[in-house]
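This note's numbering puts the first residue of the sequence shown at 3, with every later residue one more than the last.
Below is one structure; the comments refer to it alone.
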Amino acid sequence: MSEREQHPVAGPSTGVEPDALPIRQIAGWVLALLAVVGALTVALWQYFDAVSQREVVAQDLSQVPPALPELRARDRQLLTHYEVVDAARGRFRVPISRAIELLAAQPALIAPLEVAATPAPEPSAPPRPTPPPAPPQATR
Numbered sequence: 003m004s005e006r007e008q009h010p011v012a013g014p015s016t017g018v019e020p021d022a023l024p025i026r027q028i029a030g031w032v033l034a035l036l037a038v039v040g041a042l043t044v045a046l047w048q049y050f051d052a053v054s055q056r057e058v059v060a061q062d063l064s065q066v067p068p069a070l071p072e073l074r075a076r077d078r079q080l081l082t083h084y085e086v087v088d089a090a091r092g093r094f095r096v097p098i099s100r101a102i103e104l105l106a107a108q109p110a111l112i113a114p115l116e117v118a119a120t121p122a123p124e125p126s127a128p129p130r131p132t133p134p135p136a137p138p139q140a141t142r
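Below is the structure:
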């Protein structure tokens with residue numbers, strides 16, 4: 003037995019299963035599968051989110067709040083009719099179109115009605131010094 007017996011090399015042609023698993027090939031397939039599943043998940047998530055938002059907006063716009071016609075009628079009444087607000091103080095409501103005409107004709111009407119009663123200090127007078135704060139009282 004001087005001659006060593008040669009064993010066949012593992013491979014597809016010999017019909018012998020290899021001893022080591024192709025780890026890199028398996029890892030590559032797993033990573034590719036995870037990437038495809040992740041991309042599909044993100045794409046479906048975005049699609050269904052956009053569809054659901056579109057339905058919510060369409061649903062919200064199709065419903066008219068029950069108080070809206072009353073509110074619009076009240077606003078129309080306030081903006082287009084004359085009304086006494088406070089007769090004692092001389093306050094009246096006029097239609098908006100008439101108010102615009104009046105203000106365009108007399109811009110001085112926009113000036114404030116009441117001016118603060120505090121007189122401005124004279125420029126030559128020095129400012130009055132503020133007194134120092136009182137020391138805190140001791141409590142017993």
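Where is the CB? At the ideal position from N, CA and C, for every residue including glycine.
Here the structure is a predicted model, which is why all the values come from computation and not from measurement.
Sequence-distant residues of the same chain with beta carbon closer than 6 Å to residue i, five excluded per side
i, result
"E85", "R95"
"V66", "none"
Proximal residues to residue i (C-beta, below 7 Å), its chain only, five neighbours per side dropped
i, result
"L104", "L111"
"R78", "none"
"Q8", "none"
Residue i, buried or exposed, once every other Cβ within 10 Å from all chains shown has been counted against 16
i, result
"S15", "exposed"
"M3", "Because M3 sits at a pLDDT of 49, beneath the cut-off of 50, its placement in the model cannot be relied upon, and the point is left open."
Secondary structure of residue i, DSSP reduced to three states
i, result
"E85", "strand"
"M3", "With a pLDDT of 49 at M3, under the threshold of 50, the predicted position of this residue should be treated as unreliable, and no value is reported."
Backbone CA spacing between residue i and residue j [nearest angstrom]
i, j, result
"T132", "A101", "48 Å"
"L63", "A29", "51 Å"
"P24", "W31", "11 Å"
"A41", "D51", "15 Å"
"A37", "A45", "12 Å"
"P68", "W47", "35 Å"
"S54", "T43", "16 Å"
Beta carbon proximity, residue i to chain B, threshold 8 Å
i, result
"A110", "No chain B appears in the structure shown, which is made up of a single protein chain."
Cβ-based neighbour list, residue i, same chain, cut-off 8 Å, excluding 5 preceding and 5 following
i, result
"P97", "L81, T82, H83, Y84"
"G92", "none"
Subject >> Secondary structure, beta strand (DSSP E): runs of 3+ residues fully inside the segment 46-105 >> reply: 85-88, 93-95
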